Each structure stands twice: as structure tokens, then as C-alpha cells.
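Take 119 as the starting number for the sequence shown in the working numbering and just add one per residue.
Don't be surprised by glycine CBs; every beta carbon is placed ideally from N, CA and C.
In this text, all values refer to a predicted model and were calculated from it rather than measured experimentally.
Worksheet for the structure shown next.
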Amino acid sequence: MIASSDVYQRIIQGWYVFCIPCMLMIIEQRLIILKEIGIYINNRKNQAQIFGEFLLKQLSKEKFKVWVETNAPCNLENTDLIIVIGGDGTLLEAFGQFGKCEIPFLCINFGNTGFLSAIEPKQFHDYWPLILNEKYYVEERSVMQISITRDAGEVLKYHALNDVVIRSTRLKTCRQILKIDGKMFAEYEGDGVVCSTSTGSTAYSLSAGGAIIDPQLQAITITPICSKIKSLRPIVLSFDHTVEIICDDNLNLCSLIGIDGKEKANLCSKDVVRIDRASIKAKLVQLEKGRYLNRIQYRLGIKGL
119 MIASSDVYQR IIQGWYVFCI PCMLMIIEQR LIILKEIGIY INNRKNQAQI FGEFLLKQLS
179 KEKFKVWVET NAPCNLENTD LIIVIGGDGT LLEAFGQFGK CEIPFLCINF GNTGFLSAIE
239 PKQFHDYWPL ILNEKYYVEE RSVMQISITR DAGEVLKYHA LNDVVIRSTR LKTCRQILKI
299 DGKMFAEYEG DGVVCSTSTG STAYSLSAGG AIIDPQLQAI TITPICSKIK SLRPIVLSFD
359 HTVEIICDDN LNLCSLIGID GKEKANLCSK DVVRIDRASI KAKLVQLEKG RYLNRIQYRL
419 GIKGL
């Protein structure tokens with residue numbers, strides 16, 4: 119018969135033999151997962167700069183490897199998270215620079231709308247432990263691939279998380295032809311046209327009369343800007359369709375194209391802008407369930423029950 123003290127000692131020894139290696143394995147895995155964190159700051163806003171310096175100190179205190187976008191080089195290969203300190207426009211800038219790497223973005227809102235952000239600055243203290251322990255979820259958002267061709271030769275390629283805007287360069291209307299899956303669908307005459315992802319439905323498209331689309335839906339919204347033909351309403355299409363917009367003005371440099379709020383190129387007559395589903399996804403970190411709808415209610419003044 120084994121004494122109770124011997125049993126106790128064996129249990130303790132067994133716990134050490136089994137549990138300690140498991141704990142070391144978990145710690146080891148965590149170290150492998152959390153390689154490095156990037157910080158992207160809107161340096162045009164003083165409060166964002168101050169917060170960025172504070173965050174850098176906090177991460178350094180926690181022994182994380184950190185890089186700041188303004189201080190080259192950025193070690194993208196080992197980066198697991200990019201924290202964006204700014205508004206929606208800042209996140210779009212960060213996506214334009216680093217989106218192809220498909221690194222998750224966590225946006226702390228220092229802007230006006232915050233539809234793409236995860237938290238407000240005042241919530242940082244509450245959510246900091248969750249961020250450190252990776253207790254968040256990542257939403258994947260659809261991205262558009264934009265190809266511009268001129269005289270049957272490809273000229274430019276871009277990715278857009280929010281929207282593509284084609285508008286007149288003059289104080290006159292401009293014309294576009296819309297093709298869907300290679301077939302002519304409509305002719306536009308007005309100030310231009312907006313093609314937005316579901317993520318970008320709350321941006322320029324909404325101002326032009328487009329609908330708010332759930333960002334989890336894989337859809338493209340085509341919204342005319344100040345169209346002469348009032349019967350031409352915004353169209354929502356599945357991302358399975360191929361969209362082409364042809365500049366139909368007789369003058370060269372009749373229009374310009376903007377991607378995610380940045381002017382990219384002048385368009386000539388007969389230039390073709392083709393929109394497809396991109397092979398990459400935008401990965402946005404979320405910490406609050408229902409934040410997107412709450413932000414819409416708040417920013418648009420919608421009162422729930």
C-alpha cells in the first residue's frame with residue numbers, strides 16, 4: 119500500500135513532467151507568433167503624434183520589437199500587426215503602402231468618422247491587455263484590383279479598399295460608358311462615377327446617394343455623381359462580375375481617377391478602367407462586436423429604440 123504522501127509527491131512530479139513542457143511550448147508559440155509590430159501615425163495631427171510616442175514606449179516596455187513607418191526600414195516579413203494611429207484616411211494610406219503584405223491593421227481612431235477603426239483613444243486602457251494577448255478577431259474585407267488600359271496596352275494597376283472615383287477635370291460634365299461582363303450596360307453624363315467596395319460604401323458613394331452596404335458582403339456599388347439622367351440609380355453588383363468604365367469624352371485629359379481618396383492619374387478619351395476582385399484581402403482587427411453599426415448610428419445621427 120502506498121502512503122498518501124507518496125501519492126501526493128507522484129502527482130506533483132507528474133504535473134511538472136506534463137504541464138511545464140506544455141507551458142513552455144505555449145510561451146514558445148507566442149514568441150513565434152508575435153514577431154514584430156509596426157506603427158503608422160498620422161503626423162499631421164498633434165494628438166496622434168503624442169499618442170504614437172506613448173504607444174511606442176508601452177510596446178518597448180513589453181519587450182516587443184517595433185518599427186515606425188517614418189523610420190525606415192520596416193521589417194514587413196516578420197510583422198504580425200500594424201497599429202494605425204489616425205482616422206479612416208490614415209488607414210487607407212497605410213493599406214496603400216502595406217496592403218499587399220496582408221498584415222492585419224488595428225486602427226485607433228483620431229479621425230472624424232472612424233468606420234474603419236477598432237477603438238477610440240479613450241478605450242485604449244481597457245483594450246490594451248486584449249491587444250497584448252491577441253484576444254481580438256480579424257475581419258477580411260474585399261479589395262478591388264484596378265487596371266487602366268490605353269490604346270489596348272496596360273498602363274497602370276492599383277488596389278482599392280474603399281473606392282475608385284472617375285470625375286471631370288473641368289467645370290463641365292464628363293461621360294462614361296459602363297460595361298458589365300463585357301456588355302454595355304449604361305451611359306453616364308454628369309460629374310463622374312464612384313465604384314466602391316462594401317467597405318467604401320460609407321464614403322464618397324454615400325455622399326453621392328449610394329446605399330450603406332454591410333462590409334462583409336462581397337459587392338461593388340456603382341454610383342453616378344450628379345447624373346443628368348435621374349433614372350440612373352446606384353447599382354450593387356456581386357464581385358463575381360467584371361466591371362469596365364470607358365471614358366467617352368472627345369477631349370484628351372477629360373477626367374481623372376482617384377483611388378481611396380488619392381488622385382492617381384489623368385484619363386484620356388477611350389481609356390478603359392477595369393475593376394476585378396483582387397487576390398488579396400484587407401485584414402482589419404476588431405475588438406468590439408457591433409462597432410460598425412454603432413459608428414453609423416452615431417455619425418449619421420440615427421436613433422435606435
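Inset, instruction - Within its chain, find whatever has a CB closer than 6 Å to the CB of threonine 208; leave out the 5 residues flanking it on each side and keep chain order. - result: On the sequence shown, residue 208 is found 90 positions in, with the first residue counted as 1. Answer for threonine 208: Asn160, Val202, listed in chain order.
Legend entry - Coil, strand or helix - serine 373 by DSSP: For the purposes of this step, residue 373 is taken as the residue at position 255 of the sequence shown. Reduced to three states, the DSSP call for serine 373 is strand.
Inset, instruction - Identify whether phenylalanine 213 lies in helix, strand or coil by the three-state DSSP scheme. - result: Taking the sequence shown and counting its residues from 1, one reaches residue 213 at position 95. DSSP places phenylalanine 213 in helix when its eight states are reduced to three.
Inset, instruction - Label phenylalanine 233 either buried or exposed according to how many other C-beta atoms from any shown protein chain fall within 10 Å of its C-beta, with 16 as the threshold for buried. - result: For the purposes of this step, residue 233 is taken as residue 115 along the sequence shown, with counting starting at 1. That one is buried.
Inset, instruction - Check the C-beta distance from alanine 278 over to methionine 262 and give it rounded, since I have them as a contact under 8 Å. - result: For this step, residue 278 is matched to residue 160 along the sequence shown. For this step, residue 262 is matched to residue 144 along the sequence shown. Methionine 262 and alanine 278 do touch by the CB rule: their CB atoms are close to 4 Å apart, below 8 Å.
Inset, instruction - For the alpha helix (DSSP H) containing tyrosine 158, list its first residue and its last residue. - result: Translated into positions along the sequence shown, residue 158 becomes position 40. Counting along the chain, no alpha helix (DSSP H) covers tyrosine 158; the unbroken beta strand (DSSP E) around it starts and ends at 154-159.
Legend entry - With 16 other Cβ atoms within 10 Å as the buried cut-off, status of cysteine 192: Here residue 192 refers to the residue found at position 74 of the sequence shown. The residue in question, cysteine 192, is buried, as its Cβ has 16 or more Cβ neighbours within 10 Å.
Legend entry - Helix, strand or coil at asparagine 368 [DSSP, three-state]: In the sequence shown, counting from the first residue as 1, residue 368 sits at position 250. If DSSP states are grouped into helix, strand and coil, asparagine 368 belongs with coil.
Inset, instruction - List the residues that DSSP assigns as beta-bridge partners of arginine 259. - result: The residue labelled residue 259 in the question sits at position 141 within the sequence shown. Paired residues: Ala400.
Inset, instruction - For the beta strand (DSSP E) holding methionine 170, just list the boundary residues, first then last. - result: Translated into the one-based positions of the sequence shown, residue 170 becomes position 52. The question names methionine, but residue 170 is glycine in the sequence shown. Unbroken run through glycine 170 is the alpha helix (DSSP H), 164-179; no beta strand (DSSP E).
Legend entry - Bridge-paired residues (DSSP) for tyrosine 306: By 1-based counting over the sequence shown, the position of residue 306 is 188. DSSP output for tyrosine 306 lists Gln294 as bridge partner(s).
Inset, instruction - Starting from asparagine 116, follow the beta strand (DSSP E) in both directions and report where the run begins and ends. - result: Missing from the structure shown is residue 116; the chain here goes from 119 to 423 and no further.
Legend entry - Exposure of glutamine 294, with buried meaning 16 or more beta-carbon neighbours within 10 Å: Counted from its first residue, the sequence shown places residue 294 at position 176. Glutamine 294 should be labelled buried.
Inset, instruction - Express the C-alpha separation of phenylalanine 216 and threonine 341 in angstroms, rounding to a whole number. - result: Residue mapping note: residue 341 aligns to position 223 of the sequence shown, counting from 1. Residue mapping note: residue 216 aligns to position 98 of the sequence shown, counting from 1. The straight-line gap from Cα to Cα measures roughly 28 Å.
Legend entry - Nearest residue (CA-CA) to isoleucine 398, options Glu180, Glu238, Ile264, Asp244: Residue 398 sits at position 280 when you count from the first residue of the sequence shown. Nearest of Glu180, Glu238, Ile264, Asp244 to isoleucine 398, Cα basis: Ile264.
Inset, instruction - Note down the Cα distance separating isoleucine 330 from isoleucine 298, rounded to an integer number of angstroms. - result: Here residue 330 is taken as the residue at index 212 of the sequence shown, counted from 1. Here residue 298 is taken as the residue at index 180 of the sequence shown, counted from 1. Cα to Cα, isoleucine 330 sits roughly 22 Å from isoleucine 298.
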